[in-house]
Amino acid sequence: MAFKLDMHTHILPPEWPDLKQRYGYGGWLRVEHSSLDSTKAALFKDDAIFKPLKRWCRKTELKWGPKKGD
-17 MAFKLDMHTH ILPPEWPDLK QRYGYGGWLR VEHSSLDSTK AALFKDDAIF
33 KPLKRWCRKT ELKWGPKKGD
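Residue numbering for the sequence shown follows the working numbering, beginning at -17 and increasing consecutively.
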């Protein structure tokens, strides 16, 4: 029996625009960084936490090491 393997990764930009302000309605995700701990961030949907973000979601060098030439 054959099976499929789904391999993918999630890399998020450190910042993105306020889409609620841009489009005039809610339901959009936004990134909020902790003011107390620079290694912590979370995705919020409207005013509720949607998902805490692991540090490696935002720091690609943690996944693959420094870029060549760095």
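Backbone N, C-alpha and C fix where the C-beta goes; we use that ideal spot for every residue, glycine too. Model, not experiment: these values are computed from the prediction.
Practice problem: Could you give the DSSP three-state label for L1: helix, strand or coil? | Solution: helix
Counterpart residues of K27 in DSSP-defined beta bridges | L11 and A30
key: Beta-carbon proximity of G9 to D29, cut-off 9 Å   = no
Starting from the Cα of E14, find the closest Cα among H(-8), Y5, M(-17) and R37 and give me that residue. R37
Margin query: Can you look up D52 in the DSSP assignment and give me helix, strand or coil?
Written below: Residue placement at D52 cannot be trusted, given a pLDDT of 48 that sits under 50; the coordinates are not used to answer.
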